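Student: Just dropping this structure here.
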Amino acid sequence: MIPSSFVDVIVIGAGLSGLQAAVDLDKAGLSYIVLEANDRVGGKTLSVPSSSKSDGIVDLGAAWINDSSQKEMYALAQEFGFDLIVQRTEGLSLDQSNGTTHAIPYGQFGDFTDEQLADIVVILTKLQEYVDRSNLEHPHLGPDAEKLDSMTALEFARKEFGQGIAKVLVAILTRDLLGVEANELSALFLINYIKSGTGLANISSDRKDGGQYLRNEKFAIELAAKLAKKNIKLNSPVVKVTQDKKGCTVKTRRGHKYHSKKVILSVPTSLYPKIDFEPHLPPAKKELGYSTEPGYYSKSILVFDEPWWRNANLSGVLTSMDGLISFTRDTCVPEDKQYSITCFHVGQPGREWSQLSEQERKDTVLKQFNDAFGTVVDEVPKPINIIEKDWLKDPWFLGGPSPVMKPGLLTGAGKSIRDPFKSIHFIGTETSVVWKGYMEGAIRSGIRGAHEVIEVLD
1 MIPSSFVDVI VIGAGLSGLQ AAVDLDKAGL SYIVLEANDR VGGKTLSVPS
51 SSKSDGIVDL GAAWINDSSQ KEMYALAQEF GFDLIVQRTE GLSLDQSNGT
101 THAIPYGQFG DFTDEQLADI VVILTKLQEY VDRSNLEHPH LGPDAEKLDS
151 MTALEFARKE FGQGIAKVLV AILTRDLLGV EANELSALFL INYIKSGTGL
201 ANISSDRKDG GQYLRNEKFA IELAAKLAKK NIKLNSPVVK VTQDKKGCTV
251 KTRRGHKYHS KKVILSVPTS LYPKIDFEPH LPPAKKELGY STEPGYYSKS
301 ILVFDEPWWR NANLSGVLTS MDGLISFTRD TCVPEDKQYS ITCFHVGQPG
351 REWSQLSEQE RKDTVLKQFN DAFGTVVDEV PKPINIIEKD WLKDPWFLGG
401 PSPVMKPGLL TGAGKSIRDP FKSIHFIGTE TSVVWKGYME GAIRSGIRGA
451 HEVIEVLD
């Protein structure tokens, strides 16, 4: 007979949000079990050795935080004694478009005419005005909510700004932030996502206050270390959650059953349909499960013997509308002699990259990379290692950084994203009010979910 266990709370998912919830439950003296489908903790955070020649590691998932508006992550970094690496923002960046590559000062826009640059300022100013007057916690109550949720981000760009540079700008935003094309998400969802990241200036910035300012990769491992090992069950995909008068019963694919008073569900909304709920989830929760889709967001990391681009006064940043690399970042850890540039494959170009064979993926990346950087250095060194992670092919994520909503969803079913259903409480970075899609959002949602449960059980 397969054994069963009874605890106060079952946490489903051992990503950052689930682990944080478990840590808070533990502090409150509640008994708990964390069930994780994967063979590791960490969810969309994942670190691996960079090469056999270095002690360094590289991040294949979420990696960046800041020390100003991401207070929970920064507090954890200090608690764990992490050395945080300031993102490189010095040197020239490369802009690749229409078959040519231009070197530009870091942080400047690409190869645009003066007229286009003036248009960009107008567009970004107006976009930020929409963000400023939107409702952060309840986006459906904002003054422009109905209008914005009736159209895609692409339709919004066309209606507000015409057919010019706005289309390109919004495409870059939706790809870089969410890994989707501008016609795949609601304009209201985009506005709310930007607001949750404290505005346009910060959400896309590598500088102080920005979403990509500091790096460290070991948060999930340290969080898990605060919990008893026996309470984390890996390789335990949940197939059924039953609620009745006695409480909750959670069944895993292997047939193990666990019983509890409460369940905290820490999986992306797009994976809700993988679990059989009894009674069924309410219509709004069901709709979220079937209507949200994760973006496409993957990485190829090129590891080198030395940071040759730094010696050439380059930032390591490449932005491209031409190839299957959409953008790159310097991801070196000099103290560990780990020298790398991470290439991001996002949105439609990312999906196209994903469909290639392993060798074709590497060849395509190297060709675009060498073509771009070869315009400013005599010879681009060969990487000593290429590491890639295709989150689309991971059955427990199917993409990243978090699911997006199509028009009509945020003013409809999306309103209930944080609402409990009987004894089930819902967390995960996409449910966070601030920094959704980021590690900060994941941690904050875990804190919220644990607080909801502790309040009821007390």
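In this text, residue positions in the sequence shown follow the UniProt record's numbering: the first is 1, and each later residue adds one.
Note that CB positions come from ideal geometry on N, CA and C, so glycine has one too.
In this text the structure is predicted, and so the values were computed from the model without any measurement.
#1: Is P49 helix, strand or coil by DSSP?
#2: Assuming S354 contacts D390 (C-beta within less than 8 Å), just tell me the rounded distance between them.
#3: Looking at the structure shown, is A103 part of a helix, part of a strand, or coil, going by DSSP?
#4: Let me know the beta strand (DSSP E) ranges lying completely inside the segment 357-396, each 3 residues or longer, listed in chain order.
#5: On the DSSP bridge list, what partners appear for F344?
#6: Tell me the DSSP secondary structure of W435 in three-state form.
#7: Once DSSP output is grouped into helix, strand and coil, what is the label at D243?
#8: Could you say which of D244, Y339 and G412 lies nearest to K304 if we only look at CA atoms?
#9: Once the 5 residues before and after P407 are set aside, which same chain residues still bring their CB inside 7 Å of it?
#10: Using C-beta distances below 6 Å, list every residue in its chain close to K422, excluding the 5 sequence neighbours before and after it, in chain order.
#11: Three-state secondary structure (DSSP) at E36?
#12: Please report how far the alpha carbon of L318 lies from the alpha carbon of L141, in whole angstroms.
#13: Would you kindly report the start and end of the unbroken alpha helix (DSSP H) that includes I165?
#14: Buried or exposed: where does R254 fall if 16 or more other Cβ atoms within 10 Å of its Cβ makes it buried?
#15: Bridge partners for V238 per DSSP, in chain order?
#16: Output the distance between the C-alpha atoms of A28 and W309, rounded to the nearest integer angstrom.
#17: What distance in whole Å lies between the Cβ atoms of G15 and G43, which are believed to be in contact at a cut-off of 8 Å?
#18: Using a threshold of 7 Å, state whether the C-beta atoms of L302 and L92 are closer than that.
#19: Starting from T411, follow the alpha helix (DSSP H) in both directions and report where the run begins and ends.
#20: L169: buried (16+ other C-beta within 10 angstroms of its C-beta) or exposed?
#21: Is the number of C-beta pairs between the segment 434-445 and the segment 72-90 that are closer than 8 Å three or more?
#22: Once DSSP output is grouped into helix, strand and coil, what is the label at S354?
#23: Could you tell me the alpha carbon to alpha carbon distance between N235 and I12, rounded to whole angstroms?
#24: Can you tell me which residues form a DSSP beta bridge with V9?
#25: Rounded to a whole number of angstroms, what is the C-alpha to C-alpha distance between A118 and L124?
#26: How about residue 494 and S260: are their beta carbons less than 7 Å apart?
#27: With a threshold of 8 Å, are at least 3 pairs of Cβ atoms found where one atom belongs to the segment 318-336 and the other to the segment 280-287?
#28: Counting along the chain, where does the alpha helix (DSSP H) carrying G18 start and finish?
#29: In chain order, what residues of the same chain lie with their CB nearer than 6 Å to the CB of V250, ignoring the 5 residues before and after it?
#30: Check V41 in the structure and name its three-state DSSP category.
#31: Return the CA-CA distance between A220 and T431, expressed in angstroms with no decimal places.
#32: State buried or exposed for Q368, treating a residue as buried only when at least 16 other CB atoms are found within 10 Å of its CB.
#33: Helix, strand or coil, according to DSSP, for V122 in the structure here?
#34: Keeping to the same chain, check which residues put their C-beta closer than 8 Å to that of K126; ignore five residues upstream and five downstream.
#35: For F109, which residues in the same chain have their Cβ closer than 7 Å to its Cβ, ignoring the five residues on either side in sequence?
#36: Under 6 Å Cβ to Cβ from A450, same chain only, skipping five residues before and after it: list those, please.
Tutor: Per the coordinate set shown:
#1: Strand, per DSSP.
#2: With 8 Å as the limit, S354 and D390 qualify as a contact, their Cβ atoms being about 5 Å apart.
#3: Here A103 sits in strand by DSSP.
#4: The beta strand (DSSP E) runs of length 3 or more contained entirely in the segment 357-396 are, from start to end of the chain, 385-389.
#5: In DSSP, F344 forms a bridge with K299 and F327.
#6: W435: coil per DSSP, three-state reduction.
#7: Sequence inspection shows Gln at residue 243; the Asp mentioned does not correspond to that position. In the three-state scheme derived from DSSP, where H, G and I count as helix and E and B as strand, Q243 is classed as strand.
#8: The sequence given here places Phe at residue 304; Lys does not occur at that position. Minimum Cα distance to F304 is reached at Y339.
#9: Counting only Cβ-Cβ distances below 7 Å, and skipping sequence neighbours, we find D149, S150, M151, T152 and S186.
#10: Answer for K422: Q243, listed in chain order.
#11: When secondary structure is reduced to three states using DSSP, E36 falls in the coil class, being assigned neither helix nor strand.
#12: Going by the C-alpha atoms only, they are around 39 Å apart.
#13: I165 to L178 is the span of the alpha helix (DSSP H), which, as asked, contains I165.
#14: Burial check for R254: the Cβ neighbour count within 10 Å stays below 16, so the residue is exposed.
#15: Looking at the DSSP assignment, V238 forms a beta bridge with T252.
#16: One C-alpha to the other measures close to 50 Å.
#17: 2 Å between Cβ atoms; contact.
#18: Here L302 is not near L92, since their CB atoms are 7 Å or more apart.
#19: Run containing T411: none; DSSP gives neither H nor E here.
#20: So L169 counts as buried.
#21: Enough Cβ pairs lie closer than 8 Å, so yes.
#22: In this structure, S354 counts as helix in the three-state DSSP scheme.
#23: Their Cα atoms are separated by approximately 12 Å.
#24: For V9, which the question treats as bridged, DSSP gives the partners Y32 and K262.
#25: Per the coordinates, the alpha-carbon of A118 lies some 10 Å from the alpha-carbon of L124.
#26: Since the displayed the chain opens at 1 and closes at 458, residue 494 lies outside it and no answer follows.
#27: Of all C-beta pairs linking the segment 318-336 to the segment 280-287, fewer than three are shorter than 8 Å, placing the two stretches out of contact.
#28: Its alpha helix (DSSP H) spans residues L16 to K27.
#29: The answer, listed in chain order, is I10, V238, V241 and Y258.
#30: Three-state result, V41: coil.
#31: One C-alpha to the other measures close to 19 Å.
#32: By the 10 Å Cβ count, Q368 comes out buried.
#33: In the structure shown, V122 sits in a helix (DSSP, three-state: H, G or I).
#34: Only E160 and F161 meet the Cβ criterion.
#35: If we look at F109 and ignore the five residues flanking it on each side, its Cβ neighbours are L117 and I120.
#36: Closer than 6 Å at Cβ, skipping near neighbours: A21, D24 and L25.
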